[in-house]
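Enquirer: Going down the list, the protein sequences come from chains A and B. The letter at position 323 of the first sequence is residue 318 when you use the numbering used here, and the numbering goes up by one with no holes. Just so we're on the same page, the numbering used here is the position in the second sequence counted from 1, plus 6. Think of the CB as a built atom: it goes at the ideal place given N, C-alpha and C, for glycine as much as any other residue. Since this is a predicted model, take the numbers as computed values, not measurements.
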Amino acid sequence: MPLPLSIFILVSVIKSAIVLGVLLTAVAYTVWLERKVVGHMQNRWGPTRVGPFGLLQPAADGIKFLFKEDLTPPHVYKPLFIAAPMMALIFALTSISVIPFGNSFTFGPFSVPQFLPFHYEMPFHWGGAVIGPYSIPFQITDVNIGLLMILGVTSMGVYGVALAGWSSNNKYSLLGGLRASAQMVSYEIALGLSLVGVLIQSGSFSLRAIVDAQGGHFWGFIPRWNIFHWQFIGFFIYLMAAYAETNRIPFDLPEAETELVAGYHTEYSAMKFAMFFMAEYTNMITVGCVATLLFFGGWHGPLFGPPLVQALLPVFWFAAKIFCFLFLYIWVRGTLPRFRYDQLMSFGWKFLLPLAIANLVATAIFVAW
Amino acid sequence: MPQNYVPIFIFMAVIGVLLPLTLLAAKLVRPDNPSKTKLMPYECGIDPIDSARGRYTVRYYIVAILFVVFDVETIFLFPWAVKFKALGIFGLVEMMVFLVILIAGFVWVWAKGALEWV
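1) Report the residues of the segment 247 to 273 of chain A with a CB closer than 8 Å to any CB of chain B, ordered along the chain.
2) Identify, in the order they occur along the chain, each residue of the same chain with its Cβ nearer than 7 Å to the Cβ of Phe90 of chain B, setting aside the five sequence neighbours on each side.
3) Taking a contact to mean a Cβ-Cβ separation below 9 Å, would you say Val206 of chain A touches Met144 of chain A in this structure?
4) Express the C-alpha separation of Ser181 of chain A and Val69 of chain B in angstroms, rounding to a whole number.
5) Can you find at least 3 beta carbon pairs, one from the segment 50 to 60 of chain A and one from the segment 242 to 254 of chain A, that sit closer than 8 Å?
6) Could you name the residues that DSSP lists as bridge partners for Pro218 of chain A?
7) Within the continuous alpha helix (DSSP H) that includes Pro13 of chain B, where are the two ends?
8) Alpha carbons only, please: which of A:Asn278, A:Leu18, A:His224 and A:Phe231 is nearest the one belonging to Ile135 of chain A?
9) What does the Cβ neighbour count give for Lys166 of chain A, buried or exposed, with the cut at 16 atoms within 10 Å?
10) Please classify Ser41 of chain B: is it buried, with 16 or more other beta-carbons within 10 angstroms of its beta-carbon, or exposed?
11) Cutting at 7 Å between CB atoms, please list the residues of its own chain near Gly365 of chain A, excluding the five before and the five after it.
12) With DSSP collapsed to three states, give me the class of Leu50 of chain A.
13) Please classify Tyr276 of chain A as buried or exposed, where buried requires at least 16 neighbouring CB atoms within 10 angstroms.
14) Within a Cβ cutoff of 6 Å, which residues of the same chain sit near Tyr238 of chain A, ignoring the five residues on either side of it in sequence?
15) Return the chain-ordered list of same chain residues with a C-beta closer than 7 Å to the C-beta of His260 of chain A, the five sequence neighbours on each side being excluded.
16) Using a cut-off of 7 Å between C-beta atoms, extract the partners of Val282 of chain A located in chain B.
17) Compute the distance between the beta-carbons of Phe112 of chain B and Phe73 of chain B, then report whether it is under 9 Å.
18) So what does DSSP say about Trp123 of chain B, is it helix, strand or coil?
19) With a threshold of 8 Å (Cβ to nearest heavy atom), would Leu24 of chain B be considered close to the ligand ATP?
20) Determine the DSSP secondary structure at Gly192 of chain A, reduced to helix, strand or coil.
21) In chain A, which residues lie less than 9 Å from Val96 of chain B when you measure between Cβ atoms?
22) Is the beta carbon of Leu190 of chain A sitting closer than 9 Å to the one on Leu234 of chain A?
23) Does DSSP classify Gln226 of chain A as helix, strand or coil?
24) Leaving out five residues on either side along the sequence, give the residues of the same chain with a beta carbon under 8 Å from the beta carbon of Ile280 of chain A.
25) Could you tell me if Ala143 of chain B is buried or exposed, where buried requires 16 or more neighbouring beta carbons within 10 angstroms of its beta carbon?
26) Helix, strand or coil for Cys50 of chain B per DSSP?
27) Could you spell out where the alpha helix (DSSP H) holding Gln338 of chain A opens and where it closes?
28) Here's the rule: buried if 16 or more other CB atoms are within 10 angstroms of the residue's CB, otherwise exposed. What is Asn278 of chain A?
29) Which chain A residues are close to Ala117 of chain B, counting only those with a beta carbon under 7 Å from its beta carbon?
30) Residue range of the alpha helix (DSSP H) that Lys42 of chain B falls in?
31) Take Ile352 of chain A as the anchor and find which of B:Val64, B:Pro85, B:Glu79 and B:Tyr11 has the nearest alpha-carbon.
32) Taking only runs that begin and end inside the segment 279 to 312 of chain A, name each unbroken alpha helix (DSSP H) of 4 or more residues, in chain order.
33) Residues of chain B with CB under 8 Å from Ala177 of chain A, in chain order?
34) Would you mind working out which of A:Val282, A:Gly41 and A:Phe86 sits nearest Ala19 of chain B, comparing C-alpha positions?
35) In its own chain, which residues sit with a C-beta less than 8 Å from the C-beta of Asp38 of chain B, not counting the 5 before and 5 after it?
36) Whose CA, out of A:Phe231, A:Val362 and A:Tyr154, lies closest to the CA of Gln196 of chain A?
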C-alpha cells in the first residue's frame, strides 16, 4: 500500500534528518578512528585527553572549528571561494541519499480507532477502518538508477576541489586543484569500467536489485557475493580507483603536505576547511557503501534471534562491512607511502584501464557462455 | 517512479539550508581581526613573486580530452551491461567490435606518447 503524499514527504524529511545525523556522526568518529588507529600504528596514543579514550574529541574539534578566525584573503575570487567547500560537501552528502542500508521496515496493518478523524488524503475519512501494511525501506529513496546516480553525483565532487584550487589564487592551491581534477577524471574511467562486470551479472542499476541478486550461498557455505562470483579483479580495480577518487593515501597528491602544504585547501580556515574535511570523509563512507553493496552482498549476513533483532541485523551487517572498509582505508594510510605524479598517471591509464577492459570482456564472455 | 526522486531534492534542500546556516553561525561567534601578514597568499612565509594565474603544463589539457573520450565510452557500456542477458550473443559481438575500435584508439594514443607524463 503506497503512503499518502503528505505522509510520504514527512517520512522523507524525517529520514533525511536521521540519515544526515547518523552520517555526520559517522564522519566525526571516522576522523577519531583514523587518528587513534594511525596513532597506535606509529607507536603513539592518538587523542586521549577529551573524554574517555578521547571519544569527545570530535565534539571539541567541531566547537573549535566554529570559534576559529575564518580568513577570506583579498586575493581570492570570493563567490567561488565561499561556494567551493559547500559544493564539495553537498555533492558528497547527496550521494548517500540513494544508498539502501537494509531491507524495508514493515508496519501495520492497523485498525484505526473509531473516534479518530483522518486527513482527506487517506483512503477513508473516518476511523474504524484498517490501513496498511506500509513498508518503508531503510533508505532515503529507492530509485531504479541508484548506481548511475551515485556515479554522477560523486563525479560532481571534482568541481568543489577544482574551483577551490582556482579561486584561492595561490600557487599551491592551483597545483593541488589541477592535480586533483586530472587524477579524479583519470581514475573515474577505471572506476566506471570496474562496475560494468557487476552490472552484467546483476542486470540492473538499482542498488537494491544488485544486493538481492547476491543472496544465498555457493555449495551451501560461501556467500554468493559478487567478489566471490568472478568479480575479484573488478573489486580491486574499484578499490584502487576509489582511493584515488577520494584523494587518499597512496593517491593523496592533491593535498601532499610535504610539497603542496595542503593543496587546494591551503587558503581555507575554520568552518570552510572543516567542510572539505567532512566531504573527504563522507566520500570515504560512500565508497565503503558502494563497495559493500556491489561486491560484498550489502546487508546479507547470518540472521538469528527474535523478530526485532532479525529486522535490525541486516543494518548491523551493512554497518560492520563499511567499518571494515574504513579500517582498511586507515590501515593503508598507516602503511603506504605516496606515489609520484607520473607514476600515478601511468598506473591509472596504463594499468588499471586496460585491466578493467580485460575484466569486462572476460565477464561478458563468461556470462554469455 | 518519478516521485521517488523527490526525497533526493528534499535531502539536498536540507543540506543546502544547513551549510550556509553553519557558516553564518560561525560568523556570529568567531573572532575577526585580519592583519596584513595574515592576508598574504600563503607561500611558507616567503613573499609571493607573482600571481598564481600563470600558465601550467599542457598535460592537464590532454588528460581532460582523453577523459571525455573514454568516459563517453564508459557511459555507452552501462546500458549495454544492464541489458546484456536480453541482448545475448548479438549484443556481445556488437560490443566486442566497439571495444576493438576503442582499444585501437587507446593503443594509438599510447604509442603517440599522450599517456606519458614528463
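Expert: The relevant details are as follows:
1) Residues passing the 8 Å Cβ filter: Val256, Thr261, Glu262, Ala265, Met266, Lys267 and Met270.
2) Gly97
3) no
4) So the two alpha carbons sit approximately 7 Å from each other.
5) no
6) A:His212
7) In the DSSP assignment, Pro13 of chain B falls within the unbroken alpha helix (DSSP H) covering Val12 to Val35.
8) A:Leu18
9) With a threshold of 16 other beta carbon atoms within 10 Å, Lys166 of chain A meets it and is buried.
10) An exposed status is given to Ser41 of chain B, since fewer than 16 other beta-carbon atoms sit within 10 Å of its beta-carbon.
11) Because chain A in this structure spans residues -4 to 364, residue 365 of chain A falls outside the shown range and cannot be described.
12) coil
13) Counting every other CB atom within 10 Å of its CB across the protein chains shown gives Tyr276 of chain A a total of 16 or more, marking it as buried.
14) Once the five neighbours on either side are set aside, the close Cβ partners of Tyr238 of chain A are Phe246.
15) Ala159, Phe268 and Phe271
16) Those within 7 Å of Val282 of chain A in chain B number zero; the least Cβ separation is about 18 Å.
17) In this structure, the beta-carbon distance from Phe112 of chain B to Phe73 of chain B does not fall below 9 Å.
18) Looking at Trp123 of chain B - three-state DSSP - the assignment turns out to be coil, as it is neither helix nor strand.
19) For the ligand ATP, the structure offers nothing, since it holds no ligand at all.
20) helix
21) For the record, residue 96 of chain B in the displayed sequence is Phe; it is not Val. Within 9 Å Cβ-Cβ: nothing; Phe96 of chain B doesn't reach chain A, min ~10 Å.
22) By the CB criterion at 9 Å, Leu190 of chain A and Leu234 of chain A fall outside the cutoff.
23) Of the three classes helix, strand and coil, the one that applies to Gln226 of chain A here is coil, per DSSP.
24) Leu18, Ala21, Val22, Thr25, Ile91, Ile317 and Leu321
25) Nothing in the structure corresponds to residue 143 of chain B, since chain B is present only between 7 and 124.
26) coil
27) Tyr336 to Ser341
28) buried
29) Near Ala117 of chain B there are no residues of chain A at all, since even the closest Cβ is about 12 Å away, more than 7 Å.
30) From DSSP, Lys42 of chain B is part of no alpha helix (DSSP H); its letter is neither H nor E.
31) B:Glu79
32) none
33) Arg65, Tyr66, Val69 and Ala70
34) Nearest of A:Val282, A:Gly41 and A:Phe86 to Ala19 of chain B, Cα basis: A:Phe86.
35) none
36) A:Val362
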